[in-house]
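Right, one structure below, let's go through it.
Protein chains: 2
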Amino acid sequence: MSAQAPPSRIRGFSAAGSTAETTLERTFKTSLSAKEAEADFDVLTKEPHHVGSPYDITLADEIANRFTSFGLDVTRYEYSVLVPWPTERRVDIVAPDTVRLDVDEEKLPGDVWAAKPGILPAYNAYSPSGDVTGDVVYVNYGGPADYDALQQLGISVAGKIVLARYGGGWRGIKPKVAAEHGAIACLIYSDPRDDGFFQGDAYPDGPYRGMGMIQRGSVMDMPTLSGDPSTPGQPSKPGVARLPLDQITTLAKIPVQPMSARQGLELLKRLRGPLAPDAWRGALPVTYHIGAGPAKVHVRLQMDYGQRRLINVVAKITGSEFPDEWVILGSHHDAWVYGAADPESGQTAVINVARGFGRLLTSGWRPRRSVLIASWDGEEPGLLGSSEWVDDLGAELSAKTVAYVNLDPGATGPYFSTSAVHSLAPFLRDVAKSVDADRPGKTLLDRWLNRPRDQALAQPPAPPAVGALGSGSDYSPFLDHLGIAAIDLSMNGPGDNGTYHSLYDDPDWFKRYIDPGFQINVRTSQVTGTTMLRLADADVLPFDYTAYGQQILDYIGEIERSATSQWANGARGLDFQNLRRATQAMIKAGGELTAQGEALTNRAPDSTTHASLARVNRRLMLAERALITPEGLPDRPWFRHVVYAPGLYTGYDVKTMPGIREAVEGKNLSRAAEQAQVAIRALDRAATTLVGSAR
Amino acid sequence: MSAQAPPSRIRGFSAAGSTAETTLERTFKTSLSAKEAEADFDVLTKEPHHVGSPYDITLADEIANRFTSFGLDVTRYEYSVLVPWPTERRVDIVAPDTVRLDVDEEKLPGDVWAAKPGILPAYNAYSPSGDVTGDVVYVNYGGPADYDALQQLGISVAGKIVLARYGGGWRGIKPKVAAEHGAIACLIYSDPRDDGFFQGDAYPDGPYRGMGMIQRGSVMDMPTLSGDPSTPGQPSKPGVARLPLDQITTLAKIPVQPMSARQGLELLKRLRGPLAPDAWRGALPVTYHIGAGPAKVHVRLQMDYGQRRLINVVAKITGSEFPDEWVILGSHHDAWVYGAADPESGQTAVINVARGFGRLLTSGWRPRRSVLIASWDGEEPGLLGSSEWVDDLGAELSAKTVAYVNLDPGATGPYFSTSAVHSLAPFLRDVAKSVDADRPGKTLLDRWLNRPRDQALAQPPAPPAVGALGSGSDYSPFLDHLGIAAIDLSMNGPGDNGTYHSLYDDPDWFKRYIDPGFQINVRTSQVTGTTMLRLADADVLPFDYTAYGQQILDYIGEIERSATSQWANGARGLDFQNLRRATQAMIKAGGELTAQGEALTNRAPDSTTHASLARVNRRLMLAERALITPEGLPDRPWFRHVVYAPGLYTGYDVKTMPGIREAVEGKNLSRAAEQAQVAIRALDRAATTLVGSAR
């Protein structure tokens, strides 16, 4: 449907289809119960359940049983994945005095969750084992720009141990850049400026991180490869060839250990040397110095690199008309500890979507396309479950998948936001407009703001922009490796990151500060289910290649400005003209195809119309696949999308048109020119796919 | 001289004069001794010496004796001024618990300066006495914009006690705006974000403010009136009529008490209510809430409003050719406690200038114009000494003064900066270029940066812009009341404000962190003396009315943009056309007059030439006086300059074209239009003065 579709029509649906869809969505939305959500949540968060732990394996059953009880067909996909667990973690200050730092999270007195057994100690997954001693250097967030600043100050980290604060990019970048500069270990602490008392009251007085809480997390080189690092490109099943540990290239290169703010303060207090630049200073009561030293620490980490049992649970409702067109919804169930917000708020909402769909099935509905609902395992260490599944089922997924919809963490606040392939931007605005928000008379479109960083003062609402997908959750293998149109949905709010990857992301914290009545959870299921229902039942798939192309033209413009400001002769050789020409061709072909589909919906729904629409939809679906380049991106062949990728040095944040953009940023003109040709070819293929001449 | 004067010529001097002046300046600069400076400094900072205290009176003798010993003629100007001293100060938390807050500065163990008798307790001068109890509201810096934010949040301070942090504008604005909003008392604490450990290591580990140090300071309504508030417009001499206390309008309206960061933390810890906006949060280890309450405090202040003895010391070298043209240099000798940086670093440099001039006198030099060197008393409570002197000698000063040069604090770092009437901007750049900096081959022009806030990372140098004069030191009565061209010189650097108005602005702190070898002091004397010598001996006074006018045109442009964005019909009635016309007329007349003067310097120096030059100089000098409007600025008649004034709600910071600008900001179009006419008349008078048709 065009953007000019009449208001009574739902994008992608005929007039009659719109009426039926509206009724169906209303039935679905009102069927959802907060009480049922809370009951599921209580099961999901009852015990620690990192991938491979006993309760994580129990949860696969719990979730599978629920899906089955709703009337869905369940398949388990089990893999054996390489995940390190820590056996020894010591960080000792050995100069100017001797202090043994506490590498475990503080146990708040009387807190039942802190007292439970089975909590995975605070560590960074895929750190190597190691035993090193060195002077400490404070490196701010530890990104490339921070090392530029250190160089300007004449400070080298070679042979030193860097102290980085969490934030400012994905944590895995910190040890990666530190190692590239010769550091021998990396300590990462949570500064209260970023998620602690500076942002708001700390737990238990408020939702923010306390001085003794620690953020766990993976430090695998995920912008290069996700999934089991010992089986790149292959599913981690029995019999598959596995790389020995010393041949794996995506582990962190130096020992990495996370720390609490309280322990970070102990280190910062013992640093002298230059005053840290203004922007490097956090909220700890100390004058921030860079060092090196006099703090010298001894870091000793022992990691048990073992194979762990990983179980994805995938439920399916086979489509009535197009069983081989799949619309997939996914969230993960493994957590670092209890994972109340991350991921179980989202997993709960997804289970409730499945329950709602089950009720629709009972009332006689069947989706026209197949609906798959996946509960991933092993997301936290490295998107293991989804990546192994993509490695396992790649060809089938590539042939059949219309779209992948992700929820992680998912249901942690009143604000709605989403990142997606930009062909789905107009569709997502429509979906948000169709779901009521927590304020009377407001929809989620009204609440679609950038998360306000500061609740005390109202900020002007940002226009509801659909973000570009970087990485950090399970959409990544679908989009980046297979070229499947992906959507990441989010309901979020202030404070919801306060206990991120801490044991205190637990039910008490969650029910006190995040979603006491599970109303946010129900609303999350509503918007997620509506997204799924529309994709599964649309007459014409709601891919808008005009919106997509306009966004790509914006990206090309950004890169051109950057390139022409960098190279005197205006980046000659970088073929911006043909990039624009190819994008315009895609826009034109997509617009014509959607118009063709729209015309078909106005015709009598006979078998000819049906077959024509099926052909239109197939082309709309497969055009995204054309944006994959077979050879992959430079230095990371597993990432193949020419429009979206996580930055090699940002990790979470996207680099759009990554091949060209990162070459321009890296001042590599010949590579930029070559990558422009790669993108032109991909855009040309997309246009060809939309025109249909290729099939 | 025009900006195109040959490099061998000094601005304002003939070719021959330039050669002699260069030699003279070299002789002066090399005569200065750091040892002598330090010896003076040690005397100036030996005991506490707030205005009227025994050692303050001793210092008048010490300074007078020095000036006399250098061969200068000394006059003492004594006044009796109303200055409150505190007799009782109590701030008690009475809810949610009871805590007596320490309103005295922390005594660092073993610190000899903290242990001395005679220290004026920490207080805010011109607070009324009072005894009030109320809930506390945190108001950030307590400026008008902060109250806009509070209103947006629905928080009223009526009947409450506000807690403001120091900074963000002059302290006297805080109780003024608080009282306007109905607050019953005002507590002001020093947040370490602004001058404490966040900025750098705290004393004694570094120069920044410790958690127990308190900033004293005046809270008189100085943007309305400076000087003894009981004798507005009159010198506070025996027999002058004095307002009774209850008729003085410029005292603070509510009790005000300064606090340390440590005590501020005690209050902030006890505030709930909305989270403070991001920009309001300081560096204390607490989540900043606004309140009101639950902290409730009882404030009891008893002030002894007595008359104190004030002694200005003014030394004079009578000019050989133009004894009735005065070039005045001033700094103050009273301090809140020891005043090592503020003011004695500057007072020391000024004494050394006098010493250097004395040596020049011995070698046969006499200035062509009279040089006056003033040591003010009572600057800290309210520019008392300078203001009373201006009230005392107004007519004579107005008739005779070429320029007033101020140094306060003066000599606290390697960076040079200056604010001045913009007719002197090119002159000041020349002066800065003629004095060597602390880096080899660099002059003070090279070091003329905005004070870098962050020493750790080099920042790009700001262009050496001459600031506009607001208020906060003794140049204000000269410029703002009399229309005397004024210059405020400063050598400054990081950390120099760390102990501002604390007892720890003492010799130990100063010699450890600010100017250990008194080299900065010598350099300050060099640039100050050079400024004075050139003004005293110039053939043509170096007032550049083209530069002045261009700056005024910039200000007019700013105001026009602001007015036209505020009023739909483009601020019709606000006569920007004639403002520009009058400014252009001043530029033209000034340019012609300077060219005329320059031509005269190339003529034989006979008596006709001499008389002509004297007439040119007189017009150059008096044109500044024309920028005074007799009726004064709206609501503050004592302030009369149409180009410069401190903002009524900024205090230190200037509002240029204040009559028009503040009316535009206050959305008062008719007043703005009227004030534009006032400015046009003043600019026309200046042009007329420069043309010479008026005399």
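These protein sequence lines map, in sequence, to chains A and B.
With my numbering as the guide, the letters of the first sequence map in order to residues 24 to 718.
With my numbering as the guide, the letters of the second sequence map in order to residues 24 to 718.
Quick reminder that beta carbons are idealized off the backbone N, C-alpha and C, glycines included.
B/Thr310 belongs to the set of residues whose beta carbon lies under 9 Å from a beta carbon in chain A. Judged by DSSP in its simplified three-state form, B/Lys69 adopts coil rather than helix or strand. Nearest to A/Pro167 by alpha-carbon distance, out of A/Tyr672, A/Asp676, A/Ile683, A/Leu706, is A/Tyr672. Neighbourhood of A/Asp224 in chain B, by CB distance below 7 Å: Thr310, in chain order. In the DSSP assignment, A/Trp412 falls within the alpha helix (DSSP H) that extends over 407 to 423. For B/Ala363, same chain residues with a beta-carbon under 6 Å away, outside a window of 5 residues either side, are Thr68, Asp528, Asp529, Pro530, Phe533 in chain order. Distance from the CA atom of B/Ala137 to the CA atom of A/Gly223, rounded to whole angstroms, is 37 Å.
When secondary structure is reduced to three states using DSSP, A/Val114 falls in the strand class. The C-beta of B/Pro215 comes closer than 9 Å to at least one C-beta of chain A. For the set B/Gly516, B/Phe380, B/Ser409, the Cα lying nearest the Cα of B/Gly436 is the one of B/Gly516. Chain A places no beta carbon closer than 9 Å to that of B/Asp400, leaving this residue out of the contacts. Two segments are said to touch when three or more pairs of C-beta atoms, one from each, lie closer than 8 Å; by this definition the stretch 680 to 689 of chain A touches the stretch 578 to 585 of chain A. In this structure, DSSP gives A/Pro653 a state outside helix and strand, which the three-state scheme calls coil.
By alpha-carbon distance to A/Asp707, the top candidate from A/Ala649, A/His664, A/Ala696, A/Asn691 is A/Ala649. For the C-beta of B/Arg304, the chain A residues within less than 7 Å are, from N- to C-terminus, Phe221. For A/Leu298, at least one C-beta of chain B is nearer than 9 Å to its own C-beta.
With a beta-carbon spacing of about 6 Å, B/Ala145 and B/Arg239 fall inside the 8 Å limit used to define contacts. In the DSSP assignment, the residues bridged to B/Leu352 are B/Ile396, B/Val428. The alpha-carbon separation between B/Asp453 and B/Asp567 amounts to approximately 13 Å. When A/Ser513, A/Trp388, A/Gln573, A/Ala591 are compared, the shortest CA-CA separation from A/Thr606 is found for A/Gln573. For B/Leu307, at least one C-beta of chain A is nearer than 9 Å to its own C-beta. One thing to note: B/Leu467 has its Cβ no nearer than 9 Å to the Cβ of B/Ala372. Here the alpha carbons of B/Pro308 and B/Gln330 stand approximately 43 Å from one another. Nearest to A/Ala668 by alpha-carbon distance, out of A/Lys678, A/Pro140, A/Ser421, is A/Lys678. Nearest C-alpha to A/Gly540 among A/Arg49, A/Glu44, A/Ser37, A/Ala62: A/Ala62. Closest by C-alpha distance to B/Glu419, out of B/Pro404, B/Ala397, B/Asp347, is B/Asp347.
Per the coordinates, the alpha-carbon of A/Lys276 lies some 45 Å from the alpha-carbon of A/Leu564. Nearest CB-CB separation between A/Tyr231 and chain B: below the 9 Å threshold. Distance from the Cα of B/Ala696 is smallest, within the candidate group B/Gly715, B/Met609, B/Thr617, B/Arg595, for B/Arg595. Note that the stretch 206 to 226 of chain A touches the stretch 153 to 165 of chain A; at least 3 beta-carbon pairs, one per stretch, sit closer than 8 Å.
Selection A/Thr50, A/Gly35, A/Ser283 evaluated against A/Thr385 yields A/Thr50 as nearest (Cα-Cα).
Look at A/Asp453: its C-beta is not under 9 Å from any C-beta on chain B. When C-alpha distances from B/Arg378 are compared across B/Pro653, B/Val714, B/Lys58, the shortest belongs to B/Lys58. Contact between the stretch 409 to 419 of chain A and the stretch 356 to 370 of chain A is absent: fewer than three C-beta pairs spanning the two stretches fall below 8 Å.
Taking a beta-carbon distance threshold of 9 Å, A/Asp169 does not count as an interface residue toward chain B. Not a single C-beta of chain A is nearer than 9 Å to the C-beta of B/Asp519.
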